[in-house]
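One structure below.
Protein chains in written order, with our numbering: chain A, 20 to 286; chain B, 71 to 331.
Dropping the structure here:
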C-alpha cells in the first residue's frame, strides 16, 4: 500500500510538470469546454425567452444554472484517454508502460487528477463570470447537495472506466475515430449536454435511465439543481454503483483480451 | 487560371493517393453522416419547443447549417491541411523545396494539400442548403441568390486570409498550430445565427475571429436580412484581408532562413 501511494505521488509530480509544460493545449481544452455549454446556454435561453420565459419546467435563469453547472460537471468527469490510447499503441509507447510493475491505468488516473487540479480554478473563475452575466438560480435542498460529492465521484469513475475500456478498441483496429465519434454523439444527447434530459420525449428518457451516460454527467447535475426526490436520488446512487461494477468488469475483460493480441509496432 | 490548373493537379495527386485507402471513404462517409445527423437531431430537439430562434425560423436555421457544413468542408478540404503543412514546413525547413519551385509560393502552400474526403461534407452541406432553399423558395429573388453567392465567396476569402495570417505567424513563433485549433473550436459557434449571442460574443465572433462572415452573413442574404451596409462591409473586408494577408505573407517570407542556413 505504502509503495502504491509513493508511485501515485511520483506520477502526480510528473503529470503536474507535464501539464504545466503544455499550457497551450490546456487553453484549447478550456475553450472547448466552455464554448459548447455556453452556446447551448444561449440557445436555450433564447428558446425560453421566446416562449414566455420558461420551457419544460426550466426558466431562462434555470437554463443558465443548468449549463453553467453542466460545464463544471463535464470538466470534472472528462477524460482524454480515447484520443490518446490509439497513439500509444500505434507508436509503441504502451510497451514502455507495460514494462512497469503497475497497471498503466494508474498513471492515467494520476494524470487526470493532476491536470484537473490545475484547470479547475480557471473553470471555476469562468463559471463565476458566467454566473454574473446570466444570473442563474438554483434551489437545492441540503441533503441533495450533500449527495453531490459521492454522485460526482461515482460519475467520474464510471466515465473513466468506460472511456478507458472503449479506448482499448485500438487493440483491434486503428480506425478508432469512428467509434469515438459515435460515443461522443451518444454522450452529447443522453448525458444532458445538448439539453436537459427532462426536455426529451419519454422514450428517450427511459433509454437514458438504462444507458450509462446519464449517470456520468446528468445525475450529479440533477442533484445540484435539486430536481430529485430522496427516493430518486438514492436509486440513482445505487444505479451508479452498479455501473461502476459493470464498467470495472468490462474494463478487466477487455484489457485481458486486448493485451493478449497486442504486439507493438516493429516487434 | 493558373491557380485552377495547379489546384486540379494537386487534386488529381490527392485522389490517386487516397484511392489506395478506399475503406477510408466508408469511414469518412459514416463520420460525416453522423455529424450531420447529430446537428439535425439537435435542431429537432430545439425546434420541438419553439419555431423561432433569435428571430430565425427553422428552415432558415437549416440553411445556416447547410452553409456551416459547406464552408467547414472547404476549410477542411484545402485551407486547414495546407496551413498545417505550412507551419510544419517552416519548422523543419522543408519550405525550401516549395520556394525553389517556379510558381508563386503562397499559391503552392495554399493548394498543395487536398483532403479529398472533405468533399463529402461539402456535398452534404449543399444538400441541406438545397433542401432549406426549396422550403424558402417563395421568398427568394434573383438578387438574393446573387448576394448569397457573393457573400459566400467573401466569407471563404475572409476565412482563408485569416488562416493564412495565423499560419504566417509561424515565421516568428514555433507553436502556432494551437491558435489554429482554437479557431476550429470557435468555428462551431458559427452554426447558430450570430444575432443569438450577447454583444461581447457577437463582437468576438465578428471582428476578432471572423466566424460571422463565414456563415451568418451568407445566410442573411438568403433570408432577406442582409443590409447593404453588411454587404458592402463584407465585400470590402474580404478584399482588404486578402491584400493584408498577402503583404503579411511577404514580410514573413523575408524572415524565413531555411533549415540549416
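In this text, a Cβ means the ideal position worked out from N, Cα and C, and glycines have one as well.
1. Under 9 Å, do residue 294/B and residue 209/B count as touching if we go by C-beta distance?
2. Determine the direct distance from the alpha carbon of residue 51/A to that of residue 72/B, and round the result to whole angstroms.
3. Assign residue 281/B to one of three DSSP states: helix, strand, or coil.
4. State the CB to CB distance for the pair residue 146/B and residue 185/B, rounded to an integer number of angstroms; the pair is presumed to be in contact (CB under 8 Å).
5. What did DSSP end up calling residue 158/A once you bin it into helix, strand or coil?
6. Can you tell me whether residue 151/A is buried or exposed? The criterion is at least 16 other CB atoms within 10 Å of its CB, across all chains shown.
7. Examine the Cβ distances between the region 100–110 of chain A and the region 56–67 of chain A and report whether three or more of them are shorter than 8 Å.
8. Classify residue 299/B: buried if its beta carbon has 16 or more other beta carbons within 10 angstroms, exposed otherwise.
9. Does the separation of the CB atoms of residue 3/A and residue 100/A fall below 9 Å?
10. Can you confirm whether the region 102–115 of chain B touches the region 234–251 of chain B when touching is taken to mean that 3 or more C-beta pairs between the two stretches lie within less than 8 Å?
11. Consult DSSP for residue 76/B and reduce its assignment to one of helix, strand or coil.
12. Is the beta carbon of residue 180/B closer than 9 Å to that of residue 197/B?
13. Can you give, in chain order, each stretch of the alpha helix (DSSP H) that sits fully within the region 109–154 of chain B and has at least 4 residues?
14. Starting from residue 122/A, follow the alpha helix (DSSP H) in both directions and report where the run begins and ends.
15. What does residue 120/B reach in chain A if we use C-beta pairs closer than 7 Å?
16. I want to verify the contact list: residues of chain A whose CB lies under 8 Å from the CB of residue 295/B, in sequence order.
17. Below 7 Å on C-beta distance, what does residue 100/B contact in chain A?
18. So, for residue 75/B: in the same chain, excluding its five sequence neighbours on each side, which residues have a beta-carbon less than 8 Å away from its beta-carbon?
19. In the DSSP assignment, find the unbroken alpha helix (DSSP H) run with residue 207/B in it and report its ends.
20. Quick one: residues in its chain with C-beta nearer than 7 Å to the C-beta of residue 245/A, no 5 flanking neighbours on either side, listed in chain order?
21. Please list, in chain order, all residues of the same chain as residue 286/A whose beta carbon is under 7 Å from its beta carbon, the five residues on each side excluded.
22. What residues in the region 31–56 of chain A bring their beta carbon closer than 8 Å to a beta carbon of chain B?
23. Tell me where the alpha helix (DSSP H) around residue 332/B begins and ends.
24. Does DSSP put residue 78/A in a helix, a strand or coil?
25. Could you give the residue range of the alpha helix (DSSP H) that holds residue 198/A?
26. Quick one: give me the first and last residue of the alpha helix (DSSP H) that residue 32/A is part of.
27. Taking the alpha helix (DSSP H) that residue 272/A falls in, what are its first and last residues?
28. Does the CB of residue 99/A have a neighbour CB from chain B at under 9 Å?
29. Which of the residues in the region 159–187 of chain B, read from start to end, lie with their CB under 9 Å from any CB of chain A?
30. So which residues of chain B does residue 208/A contact, with C-beta pairs closer than 7 Å?
31. Looking only at C-alpha atoms, which of 125/B, 325/B, 149/B and 113/B sits nearest to residue 241/B?
32. When Cβ atoms are compared, which residues of the region 134–154 of chain B fall closer than 7 Å to chain A?
33. Kindly indicate which three-state DSSP category residue 327/B falls into: helix, strand or coil?
34. So that I know if they touch, is there some Cβ in chain A lying closer than 9 Å to that of residue 325/B?
35. Quick check on the burial criterion: 16 or more other C-beta atoms within 10 angstroms. Buried or exposed for residue 122/A?
36. Taking the alpha-carbon positions, what's the residue 95/B to residue 84/B distance?
Taking the geometry as given:
1. Start at 1 with the first residue of the second chain, and residue 294/B comes out as number 224. Start at 1 with the first residue of the second chain, and residue 209/B comes out as number 139. Yes, Cβ-Cβ distance for residue 294/B and residue 209/B is below 9 Å.
2. For the purposes of this step, residue 72/B is identified with residue 2 of the second chain, where counting begins at 1. For the purposes of this step, residue 51/A is identified with residue 32 of the first chain, where counting begins at 1. Cα-Cα distance, rounded: 39 Å.
3. Looking up residue 281/B in the second chain gives position 211. The three-state reading of DSSP puts residue 281/B in helix, counting H, G and I together.
4. In the second chain, the residue the question calls residue 146/B occupies position 76. In the second chain, the residue the question calls residue 185/B occupies position 115. In this structure residue 146/B is in contact with residue 185/B, their Cβ atoms being roughly 6 Å apart against a cut-off of 8 Å.
5. Looking up residue 158/A in the first chain gives position 139. Of the three classes helix, strand and coil, the one that applies to residue 158/A here is coil, per DSSP.
6. Start at 1 with the first residue of the first chain, and residue 151/A comes out as number 132. A residue is called buried once 16 or more other Cβ atoms fall within 10 Å of its Cβ, and residue 151/A, having fewer, is exposed.
7. Contact fails between the region 100–110 of chain A and the region 56–67 of chain A, because fewer than three Cβ pairs, one in each stretch, are under 8 Å apart.
8. Your numbering for residue 299/B matches position 229 in the second chain. Flag for residue 299/B reads exposed.
9. Past the edges of chain A, shown from 20 to 286, lies residue 3/A, and the structure says nothing about it.
10. Flag = no, the region 234–251 of chain B and the region 102–115 of chain B do not touch.
11. For the purposes of this step, residue 76/B is taken as residue 6 along the second chain, with counting starting at 1. Three-state result, residue 76/B: helix.
12. By one-based count along the second chain, residue 197/B stands at place 127. By one-based count along the second chain, residue 180/B stands at place 110. No; because the gap between Cβ atoms is not below 9 Å, this pair is not in contact.
13. Within the region 109–154 of chain B, the complete alpha helix (DSSP H) runs of at least 4 residues are 128–144.
14. On the first chain, position 103 is the one that residue 122/A refers to. For residue 122/A, there is no enclosing alpha helix (DSSP H), as DSSP marks it with neither H nor E.
15. As a working note, residue 120/B is residue 50 in the second chain. Within chain A, the residues whose beta carbon sits less than 7 Å from that of residue 120/B are 66, 69 and 70, listed in sequence order.
16. By one-based count along the second chain, residue 295/B stands at place 225. Within chain A, not a single residue places a beta-carbon under 8 Å from that of residue 295/B; the smallest gap is close to 16 Å.
17. Here residue 100/B refers to the residue found at position 30 when the second chain is read from its first residue. Those are 197, listed as they occur along chain A.
18. What you label residue 75/B is simply residue 5 of the second chain in a count that begins at 1. Here the set comprises nothing.
19. Taking the second chain and counting its residues from 1, the one referred to as residue 207/B is at position 137. If you look at residue 207/B, you'll find it isn't in any alpha helix (DSSP H); DSSP assigns it neither H nor E.
20. For this step, residue 245/A is matched to residue 226 along the first chain. Hits under 7 Å: 157, 158, 159, 160 and 163.
21. Taking the first residue of the first chain as position 1, residue 286/A is located at position 267. Summary for residue 286/A: the model assigns pLDDT 47, below 50, so the residue's position carries little reliability, and this model does not support an answer.
22. Residues passing the 8 Å Cβ filter: 43, 44, 46, 47, 50, 51, 54 and 55.
23. For residue 332/B there is no data in the structure shown, the boundaries of chain B being 71 and 331.
24. Taking the first residue of the first chain as position 1, residue 78/A is located at position 59. Residue 78/A: strand per DSSP, three-state reduction.
25. As a first step, residue 198/A must be located in the first chain, where it is residue number 179. 195–209 is the extent of the alpha helix (DSSP H) around residue 198/A.
26. For the purposes of this step, residue 32/A is identified with residue 13 of the first chain, where counting begins at 1. Looking at the DSSP string, the run of the alpha helix (DSSP H) that includes residue 32/A is 21–40.
27. Here residue 272/A is taken as the residue at index 253 of the first chain, counted from 1. If you look at residue 272/A, you'll find it in the alpha helix (DSSP H) that goes 249–280.
28. Position 80 of the first chain, counting from 1, holds the residue named residue 99/A. So no, residue 99/A is outside the interface.
29. Under the 9 Å Cβ criterion, the region 159–187 of chain B contributes no residue.
30. Taking the first residue of the first chain as position 1, residue 208/A is located at position 189. What residue 208/A touches in chain B: 111.
31. Position 171 of the second chain, counting from 1, holds the residue named residue 241/B. Of 125/B, 325/B, 149/B and 113/B, the smallest CA-CA separation from residue 241/B is found for 325/B.
32. So nothing in the stretch comes that close.
33. Locating residue 327/B in the second chain gives position 257, counting from the first residue. Coil, per DSSP.
34. Against the second chain, residue 325/B aligns to sequence position 255. For residue 325/B, the closest Cβ of chain A is not nearer than 9 Å.
35. The residue labelled residue 122/A in the question sits at position 103 within the first chain. Flag for residue 122/A reads exposed.
36. By one-based count along the second chain, residue 95/B stands at place 25. By one-based count along the second chain, residue 84/B stands at place 14. Cα to Cα, residue 95/B sits roughly 13 Å from residue 84/B.
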